[in-house]
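Numbering (the numbering used here), first residue to last: 1 to 157.
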Amino acid sequence: MGTKAQEIVRLNVEELVEQLNRALADEWLAFYQYWIAAQVAVGRQAKRVAEELKRIAMEELEHAEELATRITQLGGRPLTDPRQWFEKTNCTYVEPPQDPKDLDKIVRDTIEAERCAIEVYRKLVELTAGKDPVTYQLALHILEEELEHEDTFENLL
Ligand SMILES: [Fe+2]
Ligand SMILES: [Fe+2]
Numbered sequence: 001m002g003t004k005a006q007e008i009v010r011l012n013v014e015e016l017v018e019q020l021n022r023a024l025a026d027e028w029l030a031f032y033q034y035w036i037a038a039q040v041a042v043g044r045q046a047k048r049v050a051e052e053l054k055r056i057a058m059e060e061l062e063h064a065e066e067l068a069t070r071i072t073q074l075g076g077r078p079l080t081d082p083r084q085w086f087e088k089t090n091c092t093y094v095e096p097p098q099d100p101k102d103l104d105k106i107v108r109d110t111i112e113a114e115r116c117a118i119e120v121y122r123k124l125v126e127l128t129a130g131k132d133p134v135t136y137q138l139a140l141h142i143l144e145e146e147l148e149h150e151d152t153f154e155n156l157l
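If you want it as structure tokens, here you go:
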């Protein structure tokens, strides 16, 4: 990271990178949770639910990329081993229900994941406000998208 870029971060960078890596773990687990649920879902409304799950899964992947970029800008190293996802996650991972027709459960689990993500980014916004404008802007941008995701999934219930 450039000298001036480092100077303007008035936070413990190591701790900030740790929080960003935790969020990165959440994003990957959310991506896979939604993507795999879209693959296995069956039933009358399954197509519509699967389309939304896949669309939003791709947005979670974008969040992962944005976080990894910021982590490297800060001189940190994004998690490189998927086994770390379960150690670091704030929001954990929920497998699709055994009954692939249980779309209600799939959508409810997704809403839980979104609410957890909202809390994660709300805290990041709070942590970085006035201290790291670049990470602040990123956290705010992702927070806005997580709010939209919660709304989208609530509308599928
Ligand atoms: Fe996300
Ligand atoms: Fe989301």
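The C-beta atom is built at its ideal place from N, Cα and C for all residues, glycine as well.
Practice problem: Between the Cα of L159 and those of T135, E114, C116, R115, spot the shortest distance and give me the residue it belongs to. | Solution: The structure shown does not extend to residue 159, since the chain is modelled only from 1 to 157, so the question has no answer here.
Quiz item: Relative to the C-alpha of D81, which residue among L24, L127, G2, A57 is closest?
Solution: L24
Quiz item: Skipping 5 residues on each side, what residues in its chain have a beta carbon closer than 8 Å to that of E59?
Solution: E145, H149
Quiz item: Using a Cβ-Cβ cut-off of 7 Å (strictly less than) and excluding sequence neighbours within five positions of P96, which residues of its own chain qualify?
Solution: I36, A37, V40, I106
Exercise. Would you check whether ligand 2 has a heavy atom nearer than 8 Å to the C-beta of E114?
Key: yes
Quiz item: Is it right to say E51 is buried, meaning 16 or more other beta carbons lie within 10 angstroms of its own, or is it exposed?
Solution: exposed
Quiz item: From which residue to which residue does the alpha helix (DSSP H) around T3 run?
Solution: 3-7
Quiz item: Unbroken alpha helix (DSSP H) runs of length 4 or more, entirely within the segment 74-105: which are they?
Solution: 83-88
Quiz item: So what does DSSP say about K131, is it helix, strand or coil?
Solution: coil
Quiz prompt | Rounded separation between E154 and T69 - CA only | solution = 30 Å
Quiz prompt | Cα-Cα separation, R77 to I71 | solution = In a straight line, the C-alpha of R77 is about 6 Å away from that of I71.
Practice problem: Please report the residue range of the alpha helix (DSSP H) in which Q19 lies. | Solution: Q19 -> alpha helix (DSSP H) spans 13-40.
Quiz item: Roughly how many angstroms separate the alpha carbons of Q84 and T110, rounded to a whole number?
Solution: 21 Å
Quiz item: Three-state secondary structure (DSSP) at L138?
Solution: helix
Quiz item: Mind checking whether L67 and L11 have CB atoms under 9 Å apart?
Solution: No, the pair does not count as a contact, with Cβ atoms beyond the cut-off.
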